[in-house]
Each structure stands twice: as C-alpha cells, then as structure tokens.
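Data first, discussion second: the structure below is written as structure tokens.
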Amino acid sequence: MEVSELLWNASSEQLKSGYAEEDEMYICIMCGFKVEKGFIYPKNNMLYEAEKFMKHHIETEHDSVFQYLIGLNKKFTGLTEHQNSLLRLFYEGRSDAEIQTELGIGSSSTIRNHRFVLKEKERQAKVFLAMMELLKAKDNHAPTFLPLHKTATMVDDRYNITQEEQKYIESKFFPDGIDGPLMKFPRKEKQKLATLRVLIQRFEKGKIYTEKEINHVLKNAYEDFVTLRRYLIEYGFLDRQDDGSAYWVKN
5 MEVSELLWNA SSEQLKSGYA EEDEMYICIM CGFKVEKGFI YPKNNMLYEA
55 EKFMKHHIET EHDSVFQYLI GLNKKFTGLT EHQNSLLRLF YEGRSDAEIQ
105 TELGIGSSST IRNHRFVLKE KERQAKVFLA MMELLKAKDN HAPTFLPLHK
155 TATMVDDRYN ITQEEQKYIE SKFFPDGIDG PLMKFPRKEK QKLATLRVLI
205 QRFEKGKIYT EKEINHVLKN AYEDFVTLRR YLIEYGFLDR QDDGSAYWVK
255 N
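The opening residue of the sequence shown carries number 5 in the numbering used here; numbering runs sequentially from there.
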C-alpha cells in the first residue's frame, strides 16, 4: 500500500500514534517504514522491541507525529496560516503572553479567543467524522476515490478521480501497458494527473537522481521529457535542488 493510502485511510488512533499495526508488523503511516514483530532491534547501544522501535523511528525520523501532520499542505489540514502558527506554539507549551509577543497579537484575551475557535473546530470535526462513519454503512453507491499523495499541490477537482477513471486513462494513454510508452501527454488536468501517477512509479523512492538520469527515464516514456519533468515537479511528485543538480521522489 502506498504511504498516502496508509495516511489517508488511518484511524484517529493511528494518526495520533503515527503507525498502523498489522498481523506481523508495525508500519509507519508517514513513510512506510516497517518493523516486524517478535524481533529485538539494536540502535545506538540500546535494544528495542518492535513497537518501541517504531516509536523511536517516528521520533528520530519525523520529530513527532504532530510536526509531521501540521507540516501538511493547508488543503489537507483545513488550517489557515495563522491557525497553523498558533497550534505550533501551543504544542511547544508557550503561554498566552509568550504567544502574544511572538506573533504580535493584540492581547492575551485575543489568544484565548483563538483557543476557543480552535476548540469549536475540534467539536465540529468530531461530529463530521461521526457522520461520515455512519454514512459509510448506508451509502452503497459511493465510488472509490484514489487517495491524494501527501505532497500534492493545487488540490482541487482534478484530484476527484476514481479507480475506474484511473484505469481508463491508463489504457487510453498507455496502450501497451503502464510500463510502455506514453502515447501523448493529455491536455486535461485530471488526465495529466493520472498519467503522472503512472510515470512517477518508474522512479525509486529514496534515490538521488541527476537531471540526466531523470531525462533518460522520462525520454523512454515520451519524447517531450522536459514537459513531463516540469509537471512531475509542479504536481509535487518530484523535488530537486535549486540548481538542478539532484532530483528525488517526494515522500
């Protein structure tokens, strides 16, 4: 399962802990790192059983689940930039007076009002989640939408795509299969996104590529590899150094 699927399909408890538990392993929902149960893992002269090792991984690799989640695109969190800043400072344990000074907000009572608004948002979210859970048991006609990748940009209707639509677009633009050449790069944004989902699978996560290597992989798929490379970056699938010396798959 893709990391994005792990994240968006996680329960509230899994989102808080940062990992999901399966029969034989624990999986980090933020990066896909897996720890097999029943083993002892050595790290920095310490020994950890599986679940504690997963918690250690989250702390060392992601700082904390909170820091990871609040760093998501505001389209995912629903937070304004101001609310994001406030939550970060609340999490750090700052007092209202300290936050007032840090953000240059009028008074401590203003901070208290922001706390009240955020509590209202929490209550609304709980009710909405409960309704959506109840809806799942009744809505037999709901399509299966593809999950957003965590680093998605420009999140709008173009991401409104089902598994059936994805497969149709793949068959239309990759007539020889998803490992074959791209017949043409589509003009419609939703179809562009669907083809980019296929192309990014040709790159290895965690590997650093040169621009020449990126171009080589994309040129095997389509002659206008420059356009493909640009859109993979614009849509948040690829990232690169400012000077173009290194490229990698965004996690």
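All residues carry an ideal CB built from backbone N, CA and C; glycine is no exception.
For the options 23, 16 and 155, the alpha carbon positioned closest to that of residue 137 is the one of 16. For residue 46, the beta-bridge partners assigned by DSSP are 51. A Cβ-Cβ contact shorter than 9 Å links residue 57 with residue 47.
Within the region 71-149, the alpha helix (DSSP H) runs of at least 4 residues that lie entirely inside it are, in chain order, 78-81, 85-95, 100-107 and 112-140. Residue 236 places its beta carbon less than 9 Å from that of residue 203.
Taken through DSSP and simplified to helix, strand or coil, residue 244 comes out as strand.
Burial check for residue 22: the Cβ neighbour count within 10 Å reaches 16 or more, so the residue is buried. Per DSSP, the beta bridge partners of residue 25 are 30.
Annotated three-state conformation of residue 199 is helix, per DSSP. Remark: C-beta atoms of residue 74 and residue 91 approach each other more closely than 9 Å.
The region 187-202 makes no contact with the region 210-220, as fewer than three CB pairs between them are under 8 Å. Going by C-alpha positions, residue 209 is about 18 Å away from residue 62. Excluding its 5 nearest sequence neighbours in each direction, residue 215 has C-beta neighbours in its own chain below 7 Å: 248 and 251, listed in chain order.
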